[in-house]
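A.B. asks: Please see the structure below; I have some questions.
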Amino acid sequence: MRTKTLALVAVIVGLHLVLLFAGFFAPYDAASQNRDQPYAPPTRLHFINASGFHLRPFVYAWTANTSSNQPGAYSETRSVEYPLHFFVRGSSYKLVGIYETSLHLFGVDEPGRIFLWGTDGYGRDEFSRVLYGGQISVAAGITATLIALLLGCILGVIAGYYGRWVDESLMGVTELFLSLPWLYFLLGLRAFLPLHLSAIETFFLLTGVIGMIGWARPARLIRGLVLSLRSRNYVLAARGFGASDFYVLRRHILPETFGLLLTQAALLVPRYIAAEVMLSFFGLGVTEPIPSWGNMLGALQQYSILVSYAWLLAPAGALVVTSVLYSSLADVFHSRLESSLT
Amino acid sequence: MVDNSNKYLLQVHELKVTYFPANGDPVRALDGVSLDICSGEVVGILGESGCGKSTLASALLKMLPPQAKCEDGSILFRGRDLLSLPERDLRAIRGQEISLIPQDPALALNPVMTAGSQVSEVLRSHLPLNTQQRRQGVLDLLREVGFNEPQEIYSTYPHQLSGGQRQRIAIAQAVACRPALLIADEATSELDVSLQAEIVTLLSQIRRQHGTAILAISHDPVFFAGFADRMAVMYAGRIVEVASTDVIFGRPLHPYTQALVRIATSSVVTGAAKSARLPVIDGETPNPTSLPVGCRFEPRCCERMDVCSRRYPPEFMPAPLANVNCFKYGEHVD
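In the order they appear, the protein sequences are chains A and B. Residues 1149 to 1490 (this note's numbering) make up the first sequence, in order. Residues 825 to 1158 (this note's numbering) make up the second sequence, in order.
Next up, the structure:
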């Protein structure tokens, strides 16, 4: 149980580090195009050539089949081998937006190309774009979660602690928000707001909108918890010793809500990543040229592309993996919380 | 009216508290309770479950639950009416001038904070001390309430302490700012008899050293013997008799007090006799949603008269600082 939990946490932390340092793990820039290689399938790693087995894998270049009219028919040119190198110098990028470097985890010598998960219609490396896009999508999910939990926590604590009409009116509003069909509401709200915004504005607008809609459920949960905490004897005792409301909230009530907030966070992050993906998929979220899992999947709205180039589903795979990891984390938090309450 | 505000620390006058449950009829928990407490005096409130003892304790700190309302009366503490004070001033009084020892110390301590820090927090909310002074203050307090190794107790968590130790921590919290009045609401009812005696000794000692007045609340008459100076007997939301502890145990006036004391003393003396049926008071306490017009104890009283059911008996003062509400005493024009 313990090792499983540790492994899970390690994988999740690893995933986020990879996304955070996307520039290092991605061999190419998210925007660099290879117009001569649209829809190239994933590059194969070879270990065996005419001279036998090699421990260091190598790749061949893709050559487009000129006879076929559909792009995406490629064959390997076996004349030149490009061995895979680690810690290579490539295109320069800013690590975490601050430190400028050109070091990449892996790569092949020019003019060779390595496309682990193929390329899209502009010949951009799908693997690099999934990493860069993940930065945007996961950051949007986490930011929206923070907004929703912050709002939910503040309003839930106020409702639960002060009770009476404050509680009733706030809970009325949460019921309203809970009864909203949130997807349609999100689409409607986003469509109502200006379409042409800078990328950073879009990002905050998007996370703001998702967070504003999502606060209701955590607020209800927190409110219920605070309601029971408020009548705990040690809270009454603290008030009996002259403690102020603020003090009671800070020392006795807020620390107790921490476990619940953590569980909620683990549940909400994948949901809000999916919400961002959905909005960007419909073109209402983050737009080109900045990659996000949503706008990358947007290309698959064309049926012919969906059926022909399976590797372009990579962002969906990444979304599934992230969601499963977060849900497992929520499970762990939840069982911890249960055992601490009993 | 004579100004008694210097003589009395606390004067409760005709206090009426009603609970308004979300569903159901309102319940009058306190129906005109009057009680005076002098400085440095130990007053015991004796009454059975549901008679309003704990409501009185929380009303004195103005900490009634939200569904309860103080409808009438006044609580004068050093001449100031607590009921009309704003919350801000009440906070300054709670803990510093009036302190509460809670009913169940196991629940009254936060399980995730150390014992020492919880005592320290009381000091912090009232006194301008720095961290070191506060720590020293807490250690002194812990020693005062009977811990020989306060350093160790300081950093233990409530679950590591025994019930008696937790009660001592709660007392340390209550006396931290040297309040003038200490309210002990069933402070020992969770503890076994030998620990009860220790806590009572501790409370007496605190009162001797600091001149703290104590309002002790219990359902057990024996708890007050040798501890309380005066006792007030409550029945169904009213105080029926106030007298010195000696009088209550020796020659009580009110039939309810007489019955209670008879039961308490007989269970001490003849409790071991298996064949003897333990004495009881026949009948039940009146339904708090529809209290009788006359004396509350009248339906169960063996000395009842016609007048008892017609109106509430007036106060009769057999001695200074004592009174009884019963038609048996005093002159009545009917």
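Note that the Cβ used here is the ideal one computed from N, Cα and C, for glycine as well.
Using only CA atoms, which one of 1198(A), 1214(A) and 1254(A) lies nearest to residue 1227(A)?
C.D. replies: Residue 1227(A) sits at position 79 when you count from the first residue of the first sequence. In this structure, 1198(A) is the residue among 1198(A), 1214(A) and 1254(A) with its C-alpha nearest to the C-alpha of residue 1227(A).
A.B. asks: Hey, how far is the Cα of residue 1187(B) from the Cα of residue 925(B)?
C.D. replies: Residue 1187(B) falls outside the range modelled here, since chain B spans only 825 to 1158, and no answer is possible.
A.B. asks: State the beta-bridge partners of residue 840(B) as determined by DSSP.
C.D. replies: On the second sequence, residue 840(B) is found 16 positions in, with the first residue counted as 1. According to DSSP, residue 840(B) bridges with 855(B) and 896(B).
A.B. asks: Determine the burial state of residue 1069(B): buried for a count of at least 16 other Cβ atoms within 10 Å of its Cβ, exposed for fewer.
C.D. replies: Translated into the one-based positions of the second sequence, residue 1069(B) becomes position 245. Answer is buried; the Cβ neighbour count reaches 16.
A.B. asks: Measure the alpha-carbon distance for residue 1135(A) versus residue 1153(A) and round it to whole angstroms.
C.D. replies: Since the displayed chain A opens at 1149 and closes at 1490, residue 1135(A) lies outside it and no answer follows.
A.B. asks: Given that a residue counts as buried once 16 or more other Cβ atoms are within 10 Å of its Cβ, and exposed if not, what is residue 1275(A)?
C.D. replies: Residue numbering aside, residue 1275(A) sits at position 127 when the first sequence is read from its first letter. Burial call: buried.
A.B. asks: Indicate the three-state DSSP secondary structure (helix, strand or coil) for residue 862(B) in the structure shown.
C.D. replies: One-based indexing of the second sequence puts residue 862(B) at position 38. If DSSP states are grouped into helix, strand and coil, residue 862(B) belongs with the strands.
A.B. asks: Whole angstroms is fine: what's the gap from residue 840(B)'s alpha carbon to residue 899(B)'s?
C.D. replies: Taking the second sequence and counting its residues from 1, one reaches residue 840(B) at position 16. Taking the second sequence and counting its residues from 1, one reaches residue 899(B) at position 75. Distance between the alpha carbons of residue 840(B) and residue 899(B) is about 11 Å.
A.B. asks: Ends of the alpha helix (DSSP H) at residue 1267(A)?
C.D. replies: The count along the first sequence starts at 1 and reaches residue 1267(A) at position 119. Premise fails: residue 1267(A) is in no alpha helix (DSSP H) and is neither H nor E.
A.B. asks: Between the C-alpha atoms of residue 1039(B) and residue 867(B), what's the straight-line distance to the nearest angstrom?
C.D. replies: Position 215 of the second sequence, counted from the start, is the residue given in the question as residue 1039(B). Position 43 of the second sequence, counted from the start, is the residue given in the question as residue 867(B). C-alpha separation (whole angstroms): 5 Å.
A.B. asks: Take residue 882(B) and list the residues in its own chain whose beta-carbon comes closer than 7 Å to its own, dropping the five residues that flank it on each side.
C.D. replies: The count along the second sequence starts at 1 and reaches residue 882(B) at position 58. Taken in chain order, the residues that qualify are 888.
A.B. asks: Between which two residues does the alpha helix (DSSP H) holding residue 1360(A) run?
C.D. replies: To locate residue 1360(A), count along the first sequence from 1; it is residue 212. Following the DSSP letters along the chain, one finds residue 1360(A) inside the alpha helix (DSSP H) bounded by residues 1347-1362.
A.B. asks: Tell me, please, whether the CB atom of residue 1317(A) is closer than 9 Å to any CB atom in chain B?
C.D. replies: Walking along the first sequence from the start, residue 1317(A) turns up at place 169. For residue 1317(A), the answer is no, since every Cβ of chain B falls outside 9 Å of its Cβ.
A.B. asks: Suppose you measure from the CA of residue 1076(B) to the CA of residue 954(B); what does that come to, to the nearest Å?
C.D. replies: As a first step, residue 1076(B) is located in the second sequence; it is residue number 252 there, counting from the start. As a first step, residue 954(B) is located in the second sequence; it is residue number 130 there, counting from the start. Approximately 52 Å between the Cα atoms of the pair.
A.B. asks: Assign residue 1165(A) to one of two classes, buried (16 or more other C-beta atoms within 10 Å of its C-beta) or exposed (fewer than that).
C.D. replies: Working through the first sequence from its first residue, we reach residue 1165(A) at position 17. Classification for residue 1165(A): exposed.
A.B. asks: For residue 1443(A), which of 1285(A), 1451(A) and 1230(A) has the nearest alpha-carbon?
C.D. replies: Here residue 1443(A) refers to the residue found at position 295 when the first sequence is read from its first residue. The residue with the shortest Cα to Cα distance from residue 1443(A) is 1285(A).
A.B. asks: Enumerate in chain order the residues of its own chain whose CB-to-CB distance from residue 1171(A) is below 6 Å, with the five nearest sequence positions on each side excluded.
C.D. replies: Numbered from its first residue, the first sequence carries residue 1171(A) at position 23. Once the five neighbours on either side are set aside, the close Cβ partners of residue 1171(A) are 1241 and 1243.
A.B. asks: Tell me which residue opens and which closes the alpha helix (DSSP H) that residue 1381(A) is part of.
C.D. replies: Taking the first sequence and counting its residues from 1, one reaches residue 1381(A) at position 233. Here the alpha helix (DSSP H) through residue 1381(A) covers 1381-1388.
A.B. asks: Per DSSP, which residues does residue 1058(B) bridge with? Please list them.
C.D. replies: Against the second sequence, residue 1058(B) aligns to sequence position 234. DSSP lists 1063(B) as partners of residue 1058(B).
A.B. asks: For a cutoff of 9 Å on Cβ pairs, would you count residue 1312(A) as touching chain B?
C.D. replies: Here residue 1312(A) refers to the residue found at position 164 when the first sequence is read from its first residue. Answer yes: the Cβ-Cβ gap between residue 1312(A) and chain B drops below 9 Å somewhere.
A.B. asks: Please report the straight-line C-alpha distance between residue 1149(B) and residue 1126(B), rounded to a whole angstrom.
C.D. replies: Locating residue 1149(B) in the second sequence gives position 325, counting from the first residue. Locating residue 1126(B) in the second sequence gives position 302, counting from the first residue. Computed Cα separation, rounded: 16 Å.
A.B. asks: Residue 1307(A) and residue 1374(A): beta carbons closer than 9 Å?
C.D. replies: Working through the first sequence from its first residue, we reach residue 1307(A) at position 159. Working through the first sequence from its first residue, we reach residue 1374(A) at position 226. For residue 1307(A) and residue 1374(A), yes; Cβs fall inside 9 Å.
A.B. asks: How would you call residue 960(B), buried or exposed, if buried means at least 16 neighbouring beta carbons within 10 angstroms?
C.D. replies: Taking the second sequence and counting its residues from 1, the one referred to as residue 960(B) is at position 136. Note on residue 960(B): under 16 other CB atoms within 10 angstroms of its CB, so exposed under the neighbour-count rule.
A.B. asks: Nearest-angstrom Cα distance between residue 851(B) and residue 890(B)?
C.D. replies: Within the second sequence, residue 851(B) is the residue found at index 27, counting from 1. Within the second sequence, residue 890(B) is the residue found at index 66, counting from 1. Approximately 14 Å between the Cα atoms of the pair.
A.B. asks: List the residues that DSSP assigns as beta-bridge partners of residue 1037(B).
C.D. replies: Walking along the second sequence from the start, residue 1037(B) turns up at place 213. Its beta-bridge partners are 1005(B).
A.B. asks: Is it a yes or a no for the stretch 1423-1443 of chain A touching the stretch 1376-1390 of chain A, going by three-plus beta-carbon pairs under 8 Å?
C.D. replies: Of all C-beta pairs linking the stretch 1423-1443 of chain A to the stretch 1376-1390 of chain A, fewer than three are shorter than 8 Å, placing the two stretches out of contact.
A.B. asks: Does any residue of chain B bring its CB to less than 9 Å from the CB of residue 1392(A)?
C.D. replies: What you label residue 1392(A) is simply residue 244 of the first sequence in a count that begins at 1. Interface residue, yes.
A.B. asks: Counting only runs that start and end within the stretch 967-1007 of chain B, where is the alpha helix (DSSP H) found for 4 or more residues in a row?
C.D. replies: 974-978 and 987-999
A.B. asks: Ordered along the chain, which non-local residues of its own chain (more than five positions away) have a Cβ less than 7 Å from that of residue 873(B)?
C.D. replies: Within the second sequence, residue 873(B) is the residue found at index 49, counting from 1. Excluding positions up to five away in sequence, the list reads 1043.
A.B. asks: Identify the continuous alpha helix (DSSP H) that holds residue 1071(B) and give its terminal residues.
C.D. replies: Within the second sequence, the letter at position 247 stands for residue 1071(B). Counting along the chain, the alpha helix (DSSP H) containing residue 1071(B) begins and ends at 1069-1074.
A.B. asks: Going along chain A, which residues have a C-beta under 9 Å from residue 918(B)?
C.D. replies: Position 94 of the second sequence, counted from the first residue, corresponds to residue 918(B). By Cβ distance, chain A contributes 1387, 1388, 1389, 1390 and 1391.
A.B. asks: Between residue 976(B) and residue 991(B), is the Cβ-Cβ spacing less than 9 Å?
C.D. replies: Within the second sequence, numbered from 1, the residue matching residue 976(B) stands at position 152. Within the second sequence, numbered from 1, the residue matching residue 991(B) stands at position 167. It is not a contact, given that the beta carbons lie outside the stated cut-off.
A.B. asks: Report the neighbours of residue 928(B) on chain A: residues whose CB is nearer than 9 Å to its CB, in chain order.
C.D. replies: Numbered from 1 along the second sequence, position 104 holds the residue referred to as residue 928(B). Chain A residues near residue 928(B): 1381.
A.B. asks: With DSSP as the reference, label residue 1144(B) as helix, strand or coil.
C.D. replies: Indexing the second sequence from 1 puts residue 1144(B) at position 320. In the displayed model, residue 1144(B) falls within coil according to three-state DSSP, outside both helix and strand.
A.B. asks: Can you confirm whether residue 997(B), when its beta carbon is compared against all beta carbons of chain A, has any partner nearer than 9 Å?
C.D. replies: In the second sequence, residue 997(B) corresponds to position 173, counting from 1. Closer than 9 Å: yes.
A.B. asks: Between the beta-carbon of residue 1005(B) and the beta-carbon of residue 901(B), is there less than 9 Å?
C.D. replies: In the second sequence, the residue the question calls residue 1005(B) occupies position 181. In the second sequence, the residue the question calls residue 901(B) occupies position 77. Yes, the Cβ-Cβ distance between residue 1005(B) and residue 901(B) is below 9 Å.
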